[in-house]
Amino acid sequence: MSTVITRTTTRAVVPLIVVVAASLFVQGHNLPGGGFIGGVLTAVAFVLIYITYGLDFLERALLGSVAETGGDPFQDRIVDAYRRLFVFGLALAVGSGLTAMALGFPFLSQSYVIYHDVPLYHEIELASALAFDLGIYCVVVGGLLTILSVVGSE
Amino acid sequence: MTAGPDLPVVLAAVVLPFAAVALVPTAYRLLGTRTGYLGAGVAAACFALLATQYGATGTVGLEWVPSLGIALRFRVDGWGLLFALLASGIGVLVFTYSAGYLHPGRTLVRYYGALLGFMGSILGVALAADLVALFLFWELTSVCSFVLIGYHDDDPDSRYAARMAMFVTVGGGLFLLVALLLLWQASGAVFSSPTLSLTAMIENADAMRAALREQGAFLPVLLLVAVGAGSKSAQVPLHFWLPNAMAAPTPVSAFLHSATMVKVGVYFLGRVRPLLASTEWTLLFATIGLVTMTVTAVLAVAATDVKELLAYSTASHLGLMVAAFGFTTAYGAAAGTFHLLNHAAFKAALFLVAGIIAHEAGTRRINDLGGLWRDLPVTAAITAITALGMAGIPFFNGFYSKELIFVAAYDAGQELGGLAWAFPVLATLASVFTVLYSLRFLAMFVGDKPAALGEVHRPPLSLLVPPAVLAVVAGTIGVAPEIAVGAVVEPAIAAVGGGPGDPHYVVPTEFSPAVAMTAVAIGGGAAAYPSYDRLHRGIGNAVAAAPSARANWWYDRALDAVDRAGAESVPRVQNGLLRTYVGWFVGAACGLALLGYAAAELSLPAIDLLGVSPTILLVLLVAVLAAATATTGPSHVTGVLLLSVLGFMLAIFYILASAPDLALTQLVVETLTLVIFLLVIEELPAYYSDVEESVAVRDVALSVGVGATVFVTVLLTTGRTESALAGYFTEQAIPEGGGHNVVNVILTDFRAFDTLGESAVIVIAAIAILTLVLTRDRGESP
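Read top to bottom, the protein sequences are chains U and B. Just so you know, the first sequence maps onto residues 362 to 515 in our numbering. Just so you know, the second sequence maps onto residues 11 to 792 in our numbering.
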């Protein structure tokens, strides 16, 4: 499906998607968005690249991995990276819950602080839920890309 | 003497065996076959810990699931202690014996692990005072015994026996579970809220009985307890697994048959006896027990294998104990508790003797054995003491408890009259056969040694000391019963709820009905002994002639039928076609969901069509149109695109229904799904092939069913207009979670555990796909 139109569109759209995904992730606590949707949107950007330029381009040129198509997916460095990503995400999510336990609260208790007089932003809120959300984000991105890479290379 | 028990000590005694399981692999590397001595050490430690609680009475507990009222409660009293001390005490001997008996091998790690777990579960059952904990330990004993009976896992007989023991005892456990739940429910009427504490129920036994009767649950509870305890304690007609269980290594048999698992049912009956004792109780359990006692004693005479004889005899003695607890007099309670002690002492010793015979003579066939006393003099002495105890000969330990059951049975006959006179008759008849097979067992040691029997070695000390210790215990009880009675039996009788009457524990010097029954039993047994071989053959032929009269035959039939049904249904459900799997899965899910709604008697809320805005109607109309056209589309691509239209319309609907989060997710996921579909479609034929009419009808019915289920589900779950929960989340989102987006605050703050679970699902899906692709490349899956 590599036509001029799709290639041009992809080149323009992918950065936008990534930025939107990032903003969705960050604003999640107060506006529509969050880790899950941000993760899925990030995966969409990768899918778009994959469809337009192919898996080899995505994995070799863009992510700097040596893709061995047709080989053992467990040996594939890119799949390995995705796998590490979702394992890290799961660990982060569980870890954020365990931290609460270590401080004497029930598992997965969350809290937040609001900083005032921050330059540019004036007021910024830092919620511990953000760490949990980041974990979810990593799980979604890692999991979806693993599926995509393995199924796509078939 | 009424000091309360010490929680750390009791807890340590129960937990120690389980903790020691973790040490077994290391111990086996360091010690080899001598790992048995480690187990013996653990058992001795448990014994010592429990012994420090001697004289204490009371309930101690540890919170477990406080929100459900489940606690790890332990009840320490004479009855629980007697049983726990027996299990750990005989555990010491069995572990010691195992060290000398078993050959080194990889499976020893599993053996010792399971045996330790087995002992721990028995201690748990003996002391548990919480229904949940009791049931948990109860089933753990079944699981551990499954592993132990199937120790020779390359032997089909072993596997058959292990599976049978598992089916019967775990299956029976489920009946017990229902009984426990009924008790729990009835306790709600007695206490302010339902309790799981068995101690509390027993302390309010009269009120509990009244509540059970009022709810009509008394008889069901009795019957369920009878099935549960009967399956565990091998009562007719569920007795057949016990003789099969002799496939286990001999030390396990000694432990399983004499001291522990099979007595758990009896133990439980003793435990709930004060709670459920009544006329129905007597009729039910005295009948079951005495019938079992007689039937299995007769079958024991037909046995050809040493261990088979002992196994049937075990079932017979368990019947005696069950019947004893059935009688509500003090004689019944005394017979049950005292015989539990006596039987453990002589039967464990006899099993260990059987192990010595098998080990040193190389055969277990009774007819091939004889004159063993010349080669095995000490073993012969042990056997004499214990086998005469088993027969109930005066001045041997079994005599006293058997005398008590005679008195209890005679009294019950006199009190209830009529058919109840069968109780003393059955008890006497069974005892005649008991004397018969006990003498036959002893006869292996006397007379001439058959020529075919080769050289018989002396057993090593580790095999000889454990049965010798048990014989000394049995012998001491026989000579001076008042010591054991005063020390452990009387506190136990108090705990199982004695009743009227004052039992005595001496060899009688005056005539009484019980003395007459004893005389008939011993005299009859001795008189019939010369024609033992004819009886043995006659019973054997009778059993062989009528296979359908045997419970084992029914078990095999039932299992075969299940096997066949499984073999026939699998190709229909799993035929390798993905669409068949989806069909069954989706159909079953819908059926279950609709059944669930029907069972919960939910009613559909009214739909207010007028309140829907024209915009939403338009969007939904487009969605329905897209869905309808998707079914008539000429190719896969059209179908997928039309379905996407449906998905995007839903997203717009979410926006209109002020759920921007959902809409966003729906849009992105829909896009992703569309793309993945398009990727897959490249591999499929472009156009549909013709479908058979029957297939089309089936698919239409299925899809309509799925649609209807989803429709009903949505209506039921969203029908509520007012929800306190929604208000709570909206109000608390900012102060508690610090976020203005309620949905996200719920996801990350209030219901973070759910979100965590969902992300774990994504991880599992990714790993599953990786594994699937990997195994296919290796040719491990079709």
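All residues carry an ideal CB built from backbone N, CA and C; glycine is no exception.
On the three-state DSSP scale, how would you describe U/Ile475? strand
To the nearest angstrom, how far is it from the Cα of B/Thr683 to the Cα of B/Thr785? 26 Å
Helix, strand or coil at B/Val530 [DSSP, three-state]: helix
Report the residues of the segment 209–224 of chain B with a CB closer than 8 Å to any CB of chain U, ordered along the chain. none
Assign B/Gly240 to one of two classes, buried (16 or more other C-beta atoms within 10 Å of its C-beta) or exposed (fewer than that). buried
Nearest-angstrom Cα separation, counted from B/Leu144 out to B/Phe361: 28 Å
Decide yes or no for the touch test of the segment 482–499 of chain B against the segment 48–59 of chain B: beta carbon pairs closer than 8 Å, at least 3 of them. no
For B/Met303 versus B/Gly329, is the C-beta distance shorter than 7 Å? yes
Tell me whether B/Val267 is buried or exposed, calling it buried when 16 or more other Cβ atoms sit within 10 Å of its Cβ. It should be pointed out that residue 267 of chain B corresponds to His in this sequence rather than to Val. Buried, since its Cβ has 16 or more Cβ neighbours within 10 Å.
Around the C-beta of B/His349, are 16 or more other C-beta atoms found within 10 angstroms, so that it is buried, or is it exposed? buried
Count the CB pairs spanning the segment 528–548 of chain B and the segment 444–451 of chain B that are closer than 8 Å, and state whether there are at least three. yes
B/Glu318 - DSSP class collapsed to helix/strand/coil: helix
Three or more beta-carbon pairs under 8 Å between the segment 490–508 of chain U and the segment 667–676 of chain B, yes or no? no
In chain B, what lies closer than 7 Å to U/Gly389 by C-beta? Asn751 and Asn754
Just how far apart, CA to CA, sit B/Leu757 and B/Asp764? 8 Å
Using DSSP bridges, identify the partner residues of B/Thr10. Nothing can be reported for residue 10 of chain B, as the shown portion of chain B is limited to 11 through 792.
Listing by chain order, which chain U residues have their CB less than 7 Å from the CB of B/Phe763? Leu469
DSSP three-state assignment for B/Arg375, whether helix, strand or coil: strand
Tell me where the alpha helix (DSSP H) around B/Thr396 begins and ends. Pro387 to Ala401
Counting only C-beta atoms, is B/Ser769 closer than 7 Å to chain U at any point? yes
Taking B/Pro745 as the query, report the chain U residues whose CB atoms sit under 8 Å from its CB, ordered along the chain. Neighbours of B/Pro745 on chain U: none; closest Cβ ~10 Å, over 8 Å.
Counting along the chain, where does the alpha helix (DSSP H) carrying U/Asp494 start and finish? Ala490 to Gly513
Could you tell me the distance, in whole angstroms, from the CA atom of B/Gly160 to the CA atom of B/Gly115? 15 Å
For B/Ala776, would you say it is in contact with chain U, using Cβ-to-Cβ distances shorter than 7 Å as the test? yes
I'd like the list of long-range same chain contacts for B/Val34, defined as Cβ closer than 6 Å, with 5 residues on each side in sequence excluded. Val119, Tyr122 and Gly123
According to DSSP, is B/Trp74 part of a helix, a strand, or is it coil? strand
Please list, in chain order, the chain U residues whose beta carbon lies closer than 7 Å to that of B/Arg685. The sequence given here places Val at residue 685 of chain B; Arg does not occur at that position. Here the neighbours are Val408 and Ile412.
Classify U/Ile398 as helix, strand or coil using the three-state DSSP reduction. helix
In terms of alpha-carbon separation, which member of B/Ile415, B/Ala354 and B/Val142 lies closest to B/Val332? B/Ile415
Whole angstroms are fine: how far does the CA of B/Val178 sit from the CA of B/Leu112? 28 Å
For B/Ser441, the three-state DSSP class (helix, strand or coil): helix
Do the segment 406–423 of chain B and the segment 370–390 of chain B meet, that is, are 3 or more Cβ pairs less than 8 Å apart? no
Chain U contact residues for B/Asp759, given Cβ-Cβ distances below 7 Å: Gln471 and Ala490
For the putative contact between B/Leu614 and B/Val722, defined by C-beta atoms under 8 Å, what is the C-beta separation to the nearest angstrom? 7 Å
With 16 as the cutoff for other CB atoms within 10 Å, does B/Arg283 come out buried or exposed? buried
Kindly indicate if chain B contains any beta-carbon less than 7 Å away from that of U/Asp417. no
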